[in-house]
Amino acid sequence: GEAGTTDPTSGSIYQFLARWVGFKSFETWIISAEQQDQVVKEPDDPDEGEDFSLTAKMKMVMGVCQTVQNSLDLVASYCERVKNVFNWTIPFLSFMAATALISGTLLLYFVPLRWIFLIWGINKLTVKLRDPTYEENQELLNFLSRVPSDVELSQMRIITRESSKRKALKSRRK
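Taking the working numbering, I'd label the letters of the sequence shown as residues 19 to 192.
Laid out in structure tokens, this is it:
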């Protein structure tokens, strides 16, 4: 063929495979979307089409409200714990956090971010090869679970007041 002509048979096998894989993945995506629409339109449960009674609806709403309330309580508790870390409520844990922040700052200053991501990725991908019994944990959440929230602090203060009153009463009786 001449230069500049478009001959459909002149494409390489790589172009064919790339197009074939592209069309097949698109076709699979279309089929899965159609199947999802069928699942949404056709209820499998015969009770699903019936109207719920008022008490059933109220129970559903109360369950959702309870879930939302518990989730907001968890978020508020973690925010209070972060506040208590920076307020030096538990000095040892606050010192650990300050040390980690300072060393992280120094690390970011001296080591390029690309290297840090590379090392982190290699560690993340090969940890099961190096130690098959390794279980992932959330270090930040573990650290925050050791810091008391405001509610826990008030409960600790009440307990210490009561125990100090008991000690004072015992010392008076002697």
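In this text, a Cβ means the ideal position worked out from N, Cα and C, and glycines have one as well.
It should be emphasised that the depicted structure is a prediction, and the values quoted were computed from it without experimental measurement.
C-alpha distance - residue i paired with residue j, whole-angstrom precision
| i | j | result |
| --- | --- | --- |
| L92 | I134 | 31 Å |
| K142 | A118 | 20 Å |
| S189 | I177 | 18 Å |
| K183 | P109 | 26 Å |
| Y8 | W138 | Outside the shown range of the chain, which is 19 to 192, sits residue 8, and nothing can be said about it. |
| A74 | L159 | 37 Å |
| R179 | N88 | 29 Å |
Environment of residue i [buried if 16+ CB atoms lie within 10 Å]
| i | result |
| --- | --- |
| E98 | buried |
| L147 | exposed |
| S121 | exposed |
| S167 | buried |
| A115 | buried |
Spatial neighbours of residue i in its chain, beta-carbon cut-off 8 Å, leaving aside the 5 residues before and after
| i | result |
| --- | --- |
| A36 | none |
| L162 | Y96, R99, V100, V103 |
Same chain, Cβ closer than 6 Å to residue i, neighbours up to 5 away in sequence not counted
| i | result |
| --- | --- |
| N102 | V165 |
| S112 | V103, W106 |
Host alpha helix (DSSP H) of residue i (start-end)
| i | result |
| --- | --- |
| S121 | 109 to 128 |
| V100 | 72 to 104 |
| S167 | Taken as a continuous stretch (DSSP letters only), S167 belongs to no alpha helix (DSSP H), as it is neither H nor E. |
| N141 | 131 to 148 |
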